[in-house]
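Peer 1: After the C-alpha cells below, expect a handful of questions from me.
Numbering (our numbering), first residue to last: 133 to 278.
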C-alpha cells in the first residue's frame, strides 16, 4: 500500500466522504464516533483506522495504519529500524523530524507532510498521516482536485 505524502494512502485521498471510501473498500469492520463526534472507520484486513472530521462535513482527514505492506517512495516502513527509514526519506528530501517519547514508544513527526512514524524498541510499528493545513489555516483537501 503506497503512502502518498500530503494526499493519503493507497486509493484513500484526503477529503473523501464515507461513501467514497466504502465504494472502494466496502463496509468497515468497525464504525464508531470518537469523543469529538468524528466518525472512525476501522478496517482489520488493511490495518487502518480512518477519521472523518465532524467539523469538516465528515471528510477524511486522518489515517493511522500498521500494515507491513505500507511503503513510501518504494520503501517499506513497518518493522524497520527508524534510522534506516529516515535515511530512505532523506534521499527524497524529508529530513526534519520532531521526536517525542512515551514509555517505550517514540514518535517521529514530519510537519511538512503531516506524517508520524511511531517506533517501539527502535522499530517502526505504526504510521499516521493527516491532511495538510494550508497558509490560510484551512485543510488542503485533495479529493476532487485535478
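The beta carbon of each residue, even a glycine, is placed where N, CA and C say it ideally should be.
Pick from 177, 192, 176, 175: whose alpha carbon is nearest that of residue 183?
Peer 2: As a first step, residue 183 is located in the chain shown; it is residue number 51 there, counting from the start. Comparing Cα positions, the closest option is 192.
Peer 1: Would the segment 145-161 count as touching the segment 206-213 if we require 3 or more Cβ pairs under 8 Å?
Peer 2: The answer is no - the segment 206-213 does not touch the segment 145-161, with fewer than three Cβ pairs under 8 Å.
Peer 1: I believe residue 221 touches residue 259 by the beta-carbon criterion, under 8 Å. Please report the beta-carbon distance rounded to the nearest angstrom.
Peer 2: Against the chain shown, residue 221 aligns to sequence position 89. Against the chain shown, residue 259 aligns to sequence position 127. Contact doesn't hold; Cβ gap of about 12 Å is too wide.
Peer 1: Using CA coordinates, which residue listed in 234, 188, 223 is at the minimum distance from residue 273?
Peer 2: Your numbering for residue 273 matches position 141 in the chain shown. Out of 234, 188, 223, 188 has the C-alpha closest to the C-alpha of residue 273.
Peer 1: Near residue 174, what residues of its chain come up, given a Cβ to Cβ distance below 7 Å and the 5 sequence neighbours on each side ignored?
Peer 2: As a working note, residue 174 is residue 42 in the chain shown. The residues are 160, 161, 162, 181.
Peer 1: Count the other CB atoms, across all protein chains shown, that sit within 10 Å of the CB of residue 251; report buried if there are 16 or more and exposed otherwise.
Peer 2: Reading the chain shown from its first residue, position 119 is the one you call residue 251. It is buried - the Cβ of residue 251 has at least 16 other Cβ atoms within 10 Å.
Peer 1: Three-state secondary structure (DSSP) at residue 263?
Peer 2: Within the chain shown, numbered from 1, the residue matching residue 263 stands at position 131. Looking at residue 263 - three-state DSSP - the assignment turns out to be coil, as it is neither helix nor strand.
Peer 1: So what does residue 225 bridge to, in DSSP terms?
Peer 2: Position 93 of the chain shown, counting from 1, holds the residue named residue 225. Bridge partners of residue 225: none, in fact.
Peer 1: Among residues of its own chain, excluding the 5 on either side of residue 197, which ones have a beta-carbon nearer than 7 Å to its beta-carbon?
Peer 2: Position 65 of the chain shown holds residue 197. Within the same chain, residue 197 has close Cβ partners 141, 179, 180, 259.
Peer 1: Ends of the alpha helix (DSSP H) at residue 154?
Peer 2: The residue you call residue 154 lines up with position 22 of the chain shown. Looking at the DSSP string, the run of the alpha helix (DSSP H) that includes residue 154 is 150-157.
Peer 1: Tell me, which residues are paired with residue 251 by DSSP?
Peer 2: Walking along the chain shown from the start, residue 251 turns up at place 119. The partner list for residue 251 (beta bridge, DSSP) reads 238, 256.
Peer 1: Check the DSSP bridge columns for residue 141 and list the partner residues they point to.
Peer 2: Locating residue 141 in the chain shown gives position 9, where the first residue counts as 1. The partner list for residue 141 (beta bridge, DSSP) reads 135, 144.
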